[in-house]
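Here it is, written out as structure tokens:
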């Protein structure tokens, strides 16, 4: 495998850093190639603005159009182009980050905002009677697989089906489906560590074993069965799921996973 | 009302900017006080790191503990303290931003990551047999109300109950419930403009009317009926919703709204 690890935590002696290091050594020992984008170490610019688009920035700024023209002309900033090239190189992408307020840290959201430009991650493919662009299962990043490795301070029960935070699968859906599956990436079930606020060194050997097991079976792990957009499950252009396709009781985000 | 508008868009001639300006003039004309945090204009630091906690930063960094000690000692950075003071001053908070990749722009997520410190927005209140901290309906920011005013490039149908993006209420739940309701803020139904990628000047008068109507009726708008954590609906400490409380057919995030 050619694996890109996108890592976002400010402390190099953190659990997240240890999980990132373990991924590097485990995958390299198994013969895989690994690149790491350590966003804090890179001093990653989190904030999308006109400077990202160079001479393609119009006034007033038009984010889709300007980013698409900058992408087409090859004049996106070097930091963004480098990340796009790593994504094209990789067949597997691991995101290692803590859940902060039920979402990505800002520096990682800013990686998405800036790297996932028009004509690269969206605004790809034609719109006609049988397709609404190439997205949700098709797109520039098709053929790749991704996995979120996240830490959550609270206990697992709070993220269960009836837990107060909401189910973890639903909390991660906007990332899994809206960010990763949108440009064509298949998404593996996440690796989630709960209760990390109260985790002690005694727990760490079990964590190492669980994470190593996941890393060494990435190749054979089945992705989440999200429905492709343009292959008959959705009305076009409303993109409503056609009636009767869902399993009994499935609602909300769950509709978009095949029964 | 004392209204804080937290605004995040890089272009001062954008729809988002117009909506922010309209909110200022509409509310001030109606006799309300308004403060604006224009995150791009402020060059808001989006990335949480050890520098946020000054002398309270430990090595290795412990984000909850360090941010809580910095808050208690009054040594958080001036930018963060100013935002916390604005939140304490306000009784109403409006967030004006575009949905980028189904979530906040990074600069706004970084406002949450940095301003919502331990002992301010979380880590408040005791844990015992009848409460699990003061959160989800209680907390430092109780007594305040918030509203998300968001723009979405795609058409409304894609955000409907069966739409491919998932229902808008579910996409916004991690912000509504996980970020705003968590420290005690009541959340009003959002003001969402869809299809803004294809919106023309002809559409703008209708937008002005709709947004003005919402602004002038904020006082009398009922908040989303999220369930309070510590008042009998949840088991403690699992924080599972007790069986039988939900309306028929409600699952996932919807469980946490009263029938």
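Residue numbers (the UniProt record's numbering), protein chains in the order written: chain D, 1 to 259; chain P, 1 to 259.
Ideal placement from N, C-alpha and C gives every residue a C-beta, glycine not left out.
Only residues of its own chain outside the window of five on either side were considered, and among them 102 have a CB closer than 6 Å to the CB of residue 171(P), listed in chain order. Secondary structure note for residue 146(P): its beta strand (DSSP E) is the uninterrupted segment 145-151. In the three-state reduction of the DSSP assignment, residue 2(D) falls in the strand class, which pools E and B. As the crow flies, the alpha-carbon of residue 49(D) is around 15 Å from that of residue 104(P). Taking the C-beta atoms as reference points, residue 95(P) is found no nearer than 8 Å to residue 22(P).
Uninterrupted beta strand (DSSP E) stretches at least 3 residues long and entirely within the segment 147-191 of chain D do not occur.
The alpha-carbon separation between residue 36(P) and residue 220(D) amounts to approximately 51 Å.
Residues of chain P with a Cβ closer than 7 Å to the Cβ of residue 174(D) are, in chain order, 102, 103 and 171.
Secondary structure note for residue 71(P): its alpha helix (DSSP H) is the uninterrupted segment 63-73.
Counting along the chain, residue 36(P) sits inside the beta strand (DSSP E) bounded by residues 33-38. The residue among 81(D), 26(D), 41(D) and 32(D) with its C-alpha nearest the C-alpha of residue 52(D) is 81(D). DSSP places residue 103(P) in the strand class (E or B) of the three-state scheme. By the C-beta criterion, the segment 5-14 of chain P is judged not to be in contact with the segment 149-160 of chain D, since fewer than 3 inter-stretch pairs fall below 8 Å. Identification of chain D residues near residue 113(P) by a Cβ-Cβ cut-off of 8 Å yields 100, 101, 105 and 106, ordered along the chain. Each of 57(D), 66(D), 39(D) and 188(D) was checked against the Cα of residue 92(D), and the nearest Cα belongs to 188(D).
Under the three-state reduction of DSSP output, residue 193(D) falls in the strand class. In the displayed model, residue 98(D) falls within a strand according to three-state DSSP. By the Cβ rule, the segment 221-233 of chain P counts as touching the segment 133-146 of chain P, because three or more pairs are nearer than 8 Å. In chain order, 230 place their CB closer than 6 Å to the CB of residue 131(P), counting only its own chain and leaving out the 5 sequence neighbours on each side. Closest in alpha carbon position to residue 215(P), among 32(P), 234(P), 196(P) and 141(P), is 32(P). As computed with DSSP, residue 240(P) is found in a beta bridge with 163(D). Residue 226(P) sits in a strand when the DSSP states are folded into three classes. Between the C-alpha atoms of residue 46(P) and residue 244(P) there is a straight-line separation of about 42 Å. Closer than 8 Å to the CB of residue 163(P) there is at least one CB belonging to chain D. Taking residue 123(P) as the centre and dropping the five residues before and after it, the same chain places the C-beta of 64, 68 and 133 closer than 8 Å to its C-beta, in chain order. Contact with chain D is absent for residue 195(P), since none of that chain's Cβ atoms lies less than 8 Å from the residue's Cβ. In this structure, residue 166(P) sits near residue 252(D), with a CB-CB distance shorter than 8 Å. Contact annotation for residue 167(P) against chain D: 252 [CB-CB distance below 7 Å, chain order].
Using a Cβ-Cβ cut-off of 7 Å, residue 160(D) is close to 240 of chain P, given in chain order. Against chain P, a Cβ distance below 9 Å from residue 50(D) picks out 10 and 11. By the neighbour-count definition (other C-beta atoms within 10 Å, threshold 16), residue 127(P) is an exposed residue. The residues 40, in chain order, have a CB closer than 8 Å to that of residue 10(D) in the same chain once the five nearest residues on each side in sequence are set aside. The distance from the Cβ of residue 152(D) to that of residue 113(P) is about 15 Å, inconsistent with a contact at the 8 Å cut-off.
Contacts between residue 179(P) and chain D, judged by CB atoms closer than 9 Å, involve 101, 102 and 103 in chain order. The three-state reading of DSSP puts residue 256(P) in helix, counting H, G and I together. Closest option to residue 13(D), judged by alpha-carbon separation, among 58(P), 154(P), 100(P) and 99(P): 58(P).
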